[in-house]
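Engineer: Residue numbers (this note's numbering), protein chains in the order written: chain G, 1 to 587; chain U, 1 to 80.
1. Is residue 261 (chain G) buried or exposed, if buried means 16 or more other CB atoms sit within 10 Å of its CB?
2. Who are the Cβ neighbours of residue 118 (chain G) in its own chain at under 8 Å, not counting the five residues just before and after it?
3. How many whole angstroms separate the CB atoms of residue 112 (chain G) and residue 60 (chain G), which I take to be in contact at a CB cut-off of 8 Å?
4. In angstroms with no decimal places, state the Cα-to-Cα distance between residue 76 (chain U) and residue 313 (chain G).
5. Nearest-angstrom Cα distance between residue 65 (chain U) and residue 479 (chain G)?
6. Using three-state DSSP, classify residue 8 (chain G) as helix, strand or coil.
7. Am I right that residue 195 (chain G) and residue 278 (chain G) are in contact with their C-beta atoms under 8 Å? What's the rounded C-beta distance?
8. Helix or strand or just coil, what does DSSP make of residue 1 (chain U)?
9. Which residue's Cα is closest to the Cα of residue 389 (chain G): G:347, G:50, G:475 and G:511?
10. Measure how close the beta-carbons of residue 126 (chain G) and residue 174 (chain G) come, nearest whole angstrom, since I'm counting them as under 8 Å.
11. At least one CB of chain G closer than 8 Å to the CB of residue 63 (chain U): is that the case?
12. Could you work out which residue in G:88, G:36 and G:38 is closest to residue 22 (chain G) when comparing CA atoms only?
13. Which whole runs of the alpha helix (DSSP H) in the region 336 to 396 of chain G are 4 residues long or more, in chain order?
14. Taking Cβ-Cβ distances below 8 Å as the criterion, which residues of the region 368 to 379 of chain G are in contact with chain U?
15. Suppose you measure from the CA of residue 9 (chain G) to the CA of residue 209 (chain G); what does that come to, to the nearest Å?
16. Using C-beta distances below 7 Å, list every residue in its chain close to residue 379 (chain G), excluding the 5 sequence neighbours before and after it, in chain order.
17. Looking at residue 428 (chain G) and residue 362 (chain G), is the spacing between their C-beta atoms short of 8 Å?
18. Cα separation between residue 44 (chain G) and residue 369 (chain G)?
19. Residues in the same chain with beta-carbon distance under 6 Å from residue 374 (chain G), minus the five sequence neighbours each way, listed in chain order, please.
20. Can you list the residues of chain G that residue 36 (chain U) reaches, using a CB-CB cut of under 7 Å?
21. With a CB to CB cut of under 7 Å and the five nearest residues on each side skipped, what residues in its chain are close to residue 416 (chain G)?
22. Under 8 Å Cβ to Cβ from residue 1 (chain G), same chain only, skipping five residues before and after it: list those, please.
23. Cβ of residue 94 (chain G) within 8 Å of Cβ of residue 75 (chain G)?
24. Under 9 Å, CB to CB, which of the residues in the region 48 to 61 of chain U have a partner in chain G?
25. Where residue 397 (chain G) and residue 274 (chain G) are concerned, what is the direct C-alpha to C-alpha distance, given to the nearest angstrom?
26. Check each candidate in G:443, G:372, G:434 and G:344 and name the one with the smallest Cα separation from residue 456 (chain G).
27. May I have the straight-line CA-CA distance separating residue 271 (chain G) from residue 252 (chain G), to the nearest angstrom?
28. For residue 306 (chain G) and residue 332 (chain G), what's the separation of their Cα atoms in angstroms?
29. Take residue 484 (chain G) as the anchor and find which of G:519, G:257 and G:202 has the nearest alpha-carbon.
30. Check each candidate in G:141, G:235, G:211 and G:204 and name the one with the smallest Cα separation from residue 186 (chain G).
31. Less than 8 Å between the C-beta atoms of residue 289 (chain G) and residue 280 (chain G), yes or no?
32. Residue 491 (chain G): which of G:12, G:139, G:518 and G:426 sits nearest, CA to CA?
33. With DSSP as the reference, identify every bridge partner of residue 73 (chain U), one or two as the case may be.
34. Considering only C-alpha positions, which residue in the set G:434, G:188, G:220 and G:539 is nearest to residue 231 (chain G)?
35. Would a check of beta-carbon distances place residue 16 (chain U) closer than 8 Å to chain G?
36. When you check each C-beta in the region 306 to 330 of chain G against every C-beta of chain U, which residues fall closer than 9 Å?
See below:
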């Protein structure tokens with residue numbers, strides 16, 4: 001048996017207690033839960049634990065191996081950082097939703113069967129939707145609702161796949177699935193919606209930028225990376241994922257170049273980064289799967305860092321569009337430095353964690369000789385530097401001076417960013433620590449002279465392109481506008497549906513159905529009603545009138561008796577008593 | 001009077017760019033002396049990554065500006 005407590009339980013059961021705590025005690029408690037979860041994780045050994053029998057099914061809450069542990073570690077770590085960052089948030093609902101969200105992500109990672117997985121999968125969707133709604137704006141209300149609808153649809157696909165899978169195999173154990181038959185395609189679709197596969201991705205840039213300054217930090221970590229985890233568990237070596245992932249790395253960077261909202265730029269680059277991980281799952285070699293896990297680990301850190309720095313900008317200035325910002329390095333120097341560390345990491349600069357993880361996946365595609373995929377990944381590496389590496393810090397902190405004079409965010413936010421920035425560099429300098437927790441033994445050396453110089457050339461000449469395009473005025477100016485994405489189909493689709501209901505269908509209903517109704521239903525009914533009415537008048541009313549007349553006649557008779565005089569009543573009563581006595585005697 | 005910041009001083013941006021351009025040249029020169037172990041033959045050409053990075057970013061920006069943006073740009077209140 002294991003003497004650890006399931007991290008999911010620590011977060012989820014611990015969450016409601018937040019509601020009863022105040023002040024310093026609450027802060028301590030908030031920070032304590034992720035620490036307890038981490039201690040529990042560190043004391044866990046490989047094996048299967050926490051098996052619960054439920055209606056004859058075995059629910060496995062603790063399938064512990066190197067793959068699940070690696071995701072468990074980083075989820076607990078980023079929970080701590082996110083909680084520290086959001087420590088001063090007054091709204092308890094956000095803290096509770098954040099913990100339930102973090103806990104259910106842990107639950108997904110350690111679930112050994114499909115029912116447990118599905119349970120936590122759904123809790124994740126609802127708690128995430130709450131975090132989106134927490135900013136209480138009109139935009140967040142719509143985006144949160146769309147988020148929830150998309151994820152419920154994804155959950156239903158998953159459930160249908162699980163049901164079919166159970167029917168086919170008679171087992172609910174969640175292990176390697178592979179693509180064979182409709183069950184596996186439905187499960188892959190369910191996973192793919194959370195992983196933001198192309199075309200299915202638009203919930204992400206739609207919803208994440210609408211959450212609160214701190215809510216987005218939570219959101220950036222769990223949903224997509226738990227989807228990467230289940231893909232790595234269920235579909236390693238599935239060739240289709242190579243092409244899906246390669247598309248994911250490439251197309252969002254075009255969007256990111258012309259997007260004005262900086263948190264939306266980060267959302268697009270999030271899809272781009274998850275694309276690398278999906279490619280790694282698709283290639284399915286030990287090098288590429290190690291790369292996927294390593295990249296998920298590093299990505300969570302620098303993505304959280306970037307969202308934290310943009311959250312700090314939003315928190316301090318109330319603005320997040322590139323058109324409204326600029327020159328903030330003067331008043332937020334520390335935030336600027338942290339943002340640049342995150343930007344360097346996502347770009348994969350040597351000595352940052354992005355360099356030691358992303359390169360494993362790119363190398364894996366090279367080892368397998370996948371030329372088009374390799375080109376897509378290197379193109380995406382240059383592209384991500386261009387929009388996340390340069391554009392984010394440039395437009396927020398440098399560029400033209402917006403005239404905004406603010407100050408650094410509160411100390412807890414700076415600390416959270418500082419810890420994340422430190423870890424980004426620490427892992428970049430000492431990758432051995434990260435490599436030791438990967439699922440397979442690592443035989444990979446990131447720091448070779450050729451690799452370092454190649455990567456530096458790629459990045460510096462991308463930067464040269466940016467500078468020249470900027471100086472020549474060709475670089476597209478940031479414009480206050482929105483850019484259509486595939487959510488257009490359901491956003492406009494819903495509007496078209498409502499229009500269809502309100503206009504043509506209602507008119508058809510009124511003109512055609514209404515007329516037909518008039519002719520076929522109302523007129524015959526009126527006729528029948530006429531017959532019933534005459535029956536009513538002649539028979540029923542006649543009967544009623546007859547009873548009425550009878551009553552009147554009887555009343556006239558009774559009125560004679562009811563004289564209203566006491567002695568008359570006394571006489572009648574005594575007469576009545578005599579009659580009763582005579583009756584009794586006779587009988 | 002607000003204090004002058006780093007890029008407010010006219011010379012600093014120029015200095016920054018000079019360092020940047022110098023490092024570009026340095027990277028091309030160093031590249032010639034580094035032993036490569038490429039996965040594909042073209043990867044081993046001198047300064048392949050520099051050329052690729054530059055071209056990729058120019059193509060990226062031009063495609064985003066002249067192809068994607070005209071197709072998908074809408075007014076901010078489009079969905080309202």
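For every residue, glycine included, the Cβ atom is placed at its ideal position computed from N, Cα and C.
Structural biologist: Looking at the atomic coordinates:
1. To locate residue 261 (chain G), count along the first chain from 1; it is residue 261. Buried: at least 16 other Cβ atoms inside 10 Å.
2. Within the first chain, the letter at position 118 stands for residue 118 (chain G). Closer than 8 Å at the Cβ level, and outside the excluded window around residue 118 (chain G), lie 155, 158, 159 and 162.
3. The residue you call residue 112 (chain G) lines up with position 112 of the first chain. The residue you call residue 60 (chain G) lines up with position 60 of the first chain. Indeed they touch by this definition, with Cβ atoms about 3 Å apart.
4. Position 76 of the second chain, counted from the start, is the residue given in the question as residue 76 (chain U). Position 313 of the first chain, counted from the start, is the residue given in the question as residue 313 (chain G). Between residue 76 (chain U) and residue 313 (chain G), the C-alpha separation is close to 22 Å.
5. By one-based count along the second chain, residue 65 (chain U) stands at place 65. By one-based count along the first chain, residue 479 (chain G) stands at place 479. In a straight line, the C-alpha of residue 65 (chain U) is about 11 Å away from that of residue 479 (chain G).
6. Here residue 8 (chain G) refers to the residue found at position 8 when the first chain is read from its first residue. Three-state result, residue 8 (chain G): helix.
7. Position 195 of the first chain holds residue 195 (chain G). Position 278 of the first chain holds residue 278 (chain G). Contact holds; Cβ gap of about 6 Å.
8. Here residue 1 (chain U) refers to the residue found at position 1 of the second chain. A caution first: residue 1 (chain U) carries a pLDDT of 48, below 50, which makes its placement in the model too unreliable to give a value.
9. Counted from its first residue, the first chain places residue 389 (chain G) at position 389. Of the candidates G:347, G:50, G:475 and G:511, the one whose C-alpha sits nearest the C-alpha of residue 389 (chain G) is G:347.
10. Position 126 of the first chain, counted from the first residue, corresponds to residue 126 (chain G). Position 174 of the first chain, counted from the first residue, corresponds to residue 174 (chain G). With a Cβ gap of about 21 Å, residue 126 (chain G) and residue 174 (chain G) do not count as contacting.
11. Your numbering for residue 63 (chain U) matches position 63 in the second chain. By this cut-off, residue 63 (chain U) is an interface position.
12. By one-based count along the first chain, residue 22 (chain G) stands at place 22. The shortest C-alpha separation from residue 22 (chain G) is found at G:88.
13. 353 to 367 and 371 to 384
14. 369, 371, 374, 378 and 379
15. Along the first chain, one-based indexing puts residue 9 (chain G) at 9. Along the first chain, one-based indexing puts residue 209 (chain G) at 209. Rounded to whole angstroms, residue 9 (chain G) to residue 209 (chain G) spans 29 Å at the Cα level.
16. The residue given as residue 379 (chain G) occupies position 379 in the first chain. Only 250 meet the Cβ criterion.
17. Here residue 362 (chain G) refers to the residue found at position 362 of the first chain. Here residue 428 (chain G) refers to the residue found at position 428 of the first chain. It is not a contact, given that the beta carbons lie outside the stated cut-off.
18. If you number the first chain from 1, residue 44 (chain G) lands on position 44. If you number the first chain from 1, residue 369 (chain G) lands on position 369. One C-alpha to the other measures close to 39 Å.
19. Locating residue 374 (chain G) in the first chain gives position 374, where the first residue counts as 1. Result list for residue 374 (chain G): 365 and 366, in chain order.
20. Counting from 1 along the second chain, the entry for residue 36 (chain U) is found at position 36. Going along chain G in sequence order, the residues near residue 36 (chain U) (Cβ under 7 Å) are 450.
21. Taking the first chain and counting its residues from 1, the one referred to as residue 416 (chain G) is at position 416. Only 81, 84, 85 and 308 meet the Cβ criterion.
22. Translated into the one-based positions of the first chain, residue 1 (chain G) becomes position 1. Residue placement at residue 1 (chain G) is poorly supported in this model, since its pLDDT is 44, which falls under 50; the coordinates still yield a value, given next. Hits under 8 Å: 49.
23. Locating residue 94 (chain G) in the first chain gives position 94, counting from the first residue. Locating residue 75 (chain G) in the first chain gives position 75, counting from the first residue. Taking 8 Å as the Cβ cut-off, residue 94 (chain G) and residue 75 (chain G) do not qualify as a contacting pair.
24. 48, 49, 50, 51, 52, 53, 54, 55, 56, 57, 58, 59, 60 and 61
25. For the purposes of this step, residue 397 (chain G) is identified with residue 397 of the first chain, where counting begins at 1. For the purposes of this step, residue 274 (chain G) is identified with residue 274 of the first chain, where counting begins at 1. Each residue's Cα considered, the two are about 26 Å apart.
26. The residue given as residue 456 (chain G) occupies position 456 in the first chain. Comparing Cα positions, the closest option is G:344.
27. The sequence position of residue 271 (chain G) within the first chain is 271, counting from 1. The sequence position of residue 252 (chain G) within the first chain is 252, counting from 1. Going from the Cα of residue 271 (chain G) to the Cα of residue 252 (chain G) covers about 7 Å.
28. Position 306 of the first chain, counted from the start, is the residue given in the question as residue 306 (chain G). Position 332 of the first chain, counted from the start, is the residue given in the question as residue 332 (chain G). About 15 Å.
29. Sequence index remark: in the first chain, residue 484 (chain G) carries index 484 (1-based). Among G:519, G:257 and G:202, the Cα nearest to that of residue 484 (chain G) belongs to G:202.
30. Translated into positions along the first chain, residue 186 (chain G) becomes position 186. The shortest C-alpha separation from residue 186 (chain G) is found at G:235.
31. To locate residue 289 (chain G), count along the first chain from 1; it is residue 289. To locate residue 280 (chain G), count along the first chain from 1; it is residue 280. Yes, Cβ-Cβ distance for residue 289 (chain G) and residue 280 (chain G) is below 8 Å.
32. Translated into the one-based positions of the first chain, residue 491 (chain G) becomes position 491. It is G:139 whose Cα lies nearest to the Cα of residue 491 (chain G).
33. In the second chain, the residue the question calls residue 73 (chain U) occupies position 73. In DSSP, residue 73 (chain U) forms a bridge with G:483.
34. For the purposes of this step, residue 231 (chain G) is taken as the residue at position 231 of the first chain. Here the closest residue by C-alpha is G:188.
35. Here the question's residue 16 (chain U) lines up with position 16 in the second chain. Not one chain G Cβ lies under 8 Å of residue 16 (chain U).
36. 327, 329 and 330
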